[in-house]
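The structure appears right after this line, and notes come after that.
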Amino acid sequence: MAKDSRLILDPLTDNNPITIQVLGICSALAITAELEASIVMSISVLFVMGVGNVVISLMRNIIPSKIRIIAQLIVVATLVIIVDLVLKAFAYELSKTLSVFVGLIITNCIIMGRFEAFALGNGPWRSFLDGIGNALGYGIILVIVGFFRELLGSGTLLGIPVLGDPIEKTGLYATGYENNGFMLLSPMALIVVGIIIWVQRTRNKALIED
Amino acid sequence: MEHVELFFKSIFIDNMVFATFLGMCSYLAVSKKVSTAVGLGAAVIFVLAITVPLNWLLDQYILQPGALSWLGEEYASYDLSFLSFIMFIATIATMVQLVEIVVEKFSPALYNSLGIFLPLIAVNCAILGGSLFMQSREIATLGLALNYGIASGIGWFLAILAIAAIREKIRYSSVPPALRGLGITFIITGLMAIGFMSFGGMLTGGDESAKPEEKAATIEVIEEDINEEETTTKSDLEIAQNTNK
Chain U
3 MAKDSRLILD PLTDNNPITI QVLGICSALA ITAELEASIV MSISVLFVMG VGNVVISLMR
63 NIIPSKIRII AQLIVVATLV IIVDLVLKAF AYELSKTLSV FVGLIITNCI IMGRFEAFAL
123 GNGPWRSFLD GIGNALGYGI ILVIVGFFRE LLGSGTLLGI PVLGDPIEKT GLYATGYENN
183 GFMLLSPMAL IVVGIIIWVQ RTRNKALIED
Chain P
17 MEHVELFFKS IFIDNMVFAT FLGMCSYLAV SKKVSTAVGL GAAVIFVLAI TVPLNWLLDQ
77 YILQPGALSW LGEEYASYDL SFLSFIMFIA TIATMVQLVE IVVEKFSPAL YNSLGIFLPL
137 IAVNCAILGG SLFMQSREIA TLGLALNYGI ASGIGWFLAI LAIAAIREKI RYSSVPPALR
197 GLGITFIITG LMAIGFMSFG GMLTGGDESA KPEEKAATIE VIEEDINEEE TTTKSDLEIA
257 QNTNK
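As given, the protein sequences belong to chains U and P, one line each in that order. If you're matching positions, the first sequence starts at 3 in this note's numbering and goes up one per residue. If you're matching positions, the second sequence starts at 17 in this note's numbering and goes up one per residue.
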């Protein structure tokens, strides 16, 4: 049982898919200018990873190894179409913001990476936990990046102004604080992730590369 | 002119890595040495040049709303666009496999240099992203789709070549231990992306009034976070266009 809980907890910190395994960077960077988009993306990936890992794990003995990549892609693509249609039905504005990046969950390397590395060799329950754990580890980075970019870039969280009104000069803006519009541009996502990696490796020396 | 513009725009302004973060996984994983980076970059150009036009045909004649009308009147009302993810990825996976077989058979030398990277490419987001952007930007003709595929491949190639060269050099610098490897690569890529942003003015420099619509649309797709200034100019332009009509 203790081993099962590690499957969830490890990817959150010391084996994080983004900062340690370097998987699934593309979507993590492109959609994190707003916290809301980051959260929705994390939930979508959570769904696809959880279900996908179970399906692949159930089919692991009947997929010929030569065509396994195509088989995996079909499973993910089906799940992603479900996510895409649900988003279009219930959160149309948001699905416009995420644009092609919902589709790109298919080629998100976290998903293929975990299928290859875990689901093909383990039972459904453990694969499910592994999928959930890795998706949470991915989500946590997305939420951190989204939080800082939205807070520093537009002074809001989930669209609600938290630092006062920049035009009326209330709250923090009364002291002369300005929004840093640069945080909203795409390059800053890379730099924020770079800083997260820096902080994480400073706290845990074992992770430092040569 | 349209071709030249799309070509340079896809390489520099909408660079796959720096503007839309596509193919970051392999970009970070395979950029430790220049020679391997060149191999992967060439394979990406190759596969993009094949799959983007192919998916354009699929999109145009099978997937788009009303695309099936060439089969007959009664098929005109079908809209299969919800199948595009699965169709695109299936095309890409099959093409990659097919290309691998053909190249192995006819050009062993090319196979030796591209070979090991080809299977990797099926799951490279740059390839699927190329097709999806081709669809969402509504590229008009097959020629332009081919152009777009090649040009975005070249953009990706340039990006991975540059970062691989920098990473080879940076091995001799004293980077803080915790930043070594992945951390510093992220930050360098960020700085390079800032550099590439300056290409944004390249195509609008002279004739800003000529192509305002297209430019505004691209900005919107990539950065929903346009600052106030751009929003005002955009709405001004829209008003101007409406009055022109």
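All C-beta atoms, glycine included, are put in the ideal place defined by N, C-alpha and C.
Measuring alpha carbon to alpha carbon, tell me which of the options ends up nearest residue i.
| i | options | result |
| --- | --- | --- |
| Gly-39 of chain P | P:Ile-108, P:Ile-66, P:Gly-146, P:Gly-216 | P:Gly-146 |
| Val-77 of chain U | P:Leu-64, P:Phe-101, P:Val-50 | P:Phe-101 |
| Gly-155 of chain U | U:Ala-91, U:Glu-36, U:Glu-118 | U:Glu-36 |
| Ile-105 of chain P | U:Pro-13, U:Ala-91, U:Ile-71 | U:Ile-71 |
| Ile-137 of chain P | P:Gly-217, P:Ser-51, P:Ile-61 | P:Ile-61 |
| Leu-45 of chain P | P:Thr-201, P:Met-213, P:Phe-215 | Leu is not the amino acid found at residue 45 of chain P; the sequence shown has Ala there. Nearest option by C-alpha distance: P:Thr-201. |
| Thr-52 of chain P | P:Arg-183, P:Val-191, P:Ala-194, P:Tyr-188 | P:Arg-183 |
| Asn-110 of chain U | P:Cys-141, P:Ile-186, P:Tyr-127, P:Val-119 | P:Cys-141 |
| Ala-39 of chain U | U:Thr-172, U:Phe-149, U:Thr-204 | U:Phe-149 |
| Thr-204 of chain U | P:Gly-211, P:Ile-210, P:Met-218, P:Gly-199 | P:Gly-199 |
| Gln-23 of chain U | U:Ile-83, U:Met-114, U:Glu-95 | U:Met-114 |
| Ile-112 of chain U | U:Glu-180, U:Gly-135, U:Gln-202 | U:Gly-135 |
| His-19 of chain P | P:Gln-113, P:Leu-99, P:Leu-160 | P:Leu-160 |
| Phe-24 of chain P | P:Tyr-164, P:Pro-81, P:Ser-152 | P:Tyr-164 |
| Gln-202 of chain U | P:Gly-206, P:Pro-193, P:Phe-212, P:Ile-210 | P:Pro-193 |
| Thr-107 of chain P | P:Pro-81, P:Ile-143, P:Ala-59 | P:Ile-143 |
| Leu-96 of chain U | U:Ser-46, U:Ser-67, U:Asp-6, U:Lys-207 | U:Ser-46 |
| Ser-152 of chain P | U:Lys-98, U:Ser-67, U:Pro-126, U:Glu-118 | U:Lys-98 |
Along the chain, where does the alpha helix (DSSP H) that runs through residue i open and close?
| i | result |
| --- | --- |
| Glu-170 of chain U | Run containing Glu-170 of chain U: none; DSSP gives neither H nor E here. |
| Arg-62 of chain U | Segment: none, Arg-62 of chain U is in no alpha helix (DSSP H) and carries neither H nor E. |
| Ile-2 of chain U | Beyond the ends of chain U as shown, which are 3 and 212, falls residue 2 of chain U; an answer cannot be given. |
| Trp-127 of chain U | 126–156 |
| Gly-206 of chain P | 198–213 |
| Gln-113 of chain P | 100–122 |
| Lys-278 of chain P | It is not possible to answer for residue 278 of chain P, since the shown part of chain P is limited to 17 through 261. |
| Val-2 of chain U | Within the shown structure, residues of chain U are numbered from 3 to 212, placing residue 2 of chain U beyond reach of any answer. |
| Ala-83 of chain P | Counting along the chain, Ala-83 of chain P falls outside any alpha helix (DSSP H), and DSSP gives it neither H nor E. |
| Thr-204 of chain U | 188–205 |
| Ile-112 of chain U | 111–119 |
| Ala-142 of chain P | 141–152 |
| Met-17 of chain P | Counting along the chain, Met-17 of chain P falls outside any alpha helix (DSSP H), and DSSP gives it neither H nor E. |
| Phe-34 of chain P | 32–36 |
| Val-63 of chain P | 50–74 |
| Met-218 of chain P | Neither: Met-218 of chain P is in no alpha helix (DSSP H) and is coded neither H nor E. |
| Ala-44 of chain P | First, the amino acid is wrong: residue 44 of chain P is Leu here, not Ala. First-last of the alpha helix (DSSP H) with Leu-44 of chain P: 40–45. |
| Gly-105 of chain U | 102–105 |
Cβ of residue i within 8 angstroms of Cβ of residue j?
| i | j | result |
| --- | --- | --- |
| Leu-56 of chain P | Leu-79 of chain P | no |
| Ser-129 of chain U | Ala-32 of chain U | no |
| Met-150 of chain P | Phe-34 of chain P | no |
| Leu-70 of chain P | Met-111 of chain P | yes |
| Leu-177 of chain P | Val-68 of chain P | no |
| Gly-105 of chain U | Leu-148 of chain P | yes |
| Asn-18 of chain U | Ile-143 of chain U | yes |
| Leu-195 of chain P | Trp-72 of chain P | no |
| Asn-55 of chain U | Arg-116 of chain U | yes |
| Ser-44 of chain U | Phe-103 of chain U | no |
| Thr-15 of chain U | Ile-198 of chain U | no |
| Leu-126 of chain P | Val-119 of chain P | yes |
| Leu-186 of chain U | Arg-151 of chain U | yes |
| Gly-157 of chain U | Val-147 of chain U | no |
| Ala-121 of chain U | Ile-58 of chain U | yes |
| Ser-168 of chain P | Ser-26 of chain P | yes |
| Tyr-175 of chain U | Asp-167 of chain U | yes |
| Leu-159 of chain U | Leu-153 of chain U | yes |
| Ala-79 of chain U | Ile-108 of chain U | yes |
| Leu-87 of chain U | Phe-173 of chain P | no |
| Leu-131 of chain U | Leu-25 of chain U | no |
| Gly-196 of chain U | Ile-203 of chain P | yes |
| Met-66 of chain P | Met-218 of chain P | First, the residue type needs correcting, since residue 66 of chain P is Ile and not Met in the sequence shown. Contact: no. |
| Trp-86 of chain P | Tyr-77 of chain P | yes |
| Leu-75 of chain U | Ala-83 of chain P | no |
| Gly-206 of chain P | Met-61 of chain U | no |
Assuming the contact rule is C-beta atoms closer than 8 angstroms, residue i and residue j should be a hit. Round their C-beta distance to whole Å, please.
| i | j | result |
| --- | --- | --- |
| Gly-286 of chain P | Met-32 of chain P | No information on residue 286 of chain P is available, as it lies outside the stretch 17 to 261 that chain P covers here. |
| Ile-166 of chain P | Leu-64 of chain P | 7 angstroms |
| Ala-137 of chain U | Leu-48 of chain U | 4 angstroms |
| Met-51 of chain U | Gly-133 of chain U | 4 angstroms |
| Cys-41 of chain P | Ile-65 of chain U | Incorrect: roughly 23 angstroms between the Cβ atoms, too far for contact. |
| Tyr-43 of chain P | Ala-175 of chain P | 7 angstroms |
TODO: Could you name the residues of the stretch 174–205 of chain P whose beta carbon sits closer than 9 angstroms to any beta carbon of chain U, in the order they occur along the chain?
DONE: Pro-192, Pro-193, Ala-194, Leu-195, Arg-196, Gly-197, Leu-198, Gly-199, Ile-200, Thr-201, Phe-202, Ile-203, Ile-204, Thr-205
- [ ] Give, in chain order, every residue of the stretch 178–189 of chain U whose Cβ lies closer than 8 angstroms to some Cβ of chain P.
- [x] Gly-183, Leu-186, Leu-187, Ser-188, Pro-189
Open item on the list: Please list, in chain order, the residues of the stretch 39–53 of chain P that have any C-beta partner in chain U closer than 9 angstroms.
Closed with: Per Cβ criterion, the list reads Gly-39, Met-40, Cys-41, Ser-42, Tyr-43, Leu-44, Ala-45.
- [ ] Taking only beta carbons into account, state which residues of the stretch 75–88 of chain U come closer than 9 angstroms to chain P, listed in chain order.
- [x] Leu-75, Ile-76, Val-78, Ala-79, Thr-80, Val-82, Ile-83, Asp-86, Leu-87
Task: the stretch 141–152 of chain P: positions lying closer than 7 angstroms to chain U by Cβ - done: Cys-141, Leu-144, Gly-145, Leu-148, Phe-149, Ser-152
TODO: Could you run through the stretch 126–148 of chain U and flag, in chain order, every residue whose CB is less than 7 angstroms away from some CB of chain P?
DONE: none
- [ ] Note down, in chain order, all residues in the stretch 192–203 of chain U with a beta-carbon under 7 angstroms from any beta-carbon belonging to chain P.
- [x] Cβ contacts with chain P come from Leu-192, Ile-193, Val-195, Gly-196, Ile-199, Trp-200, Arg-203.
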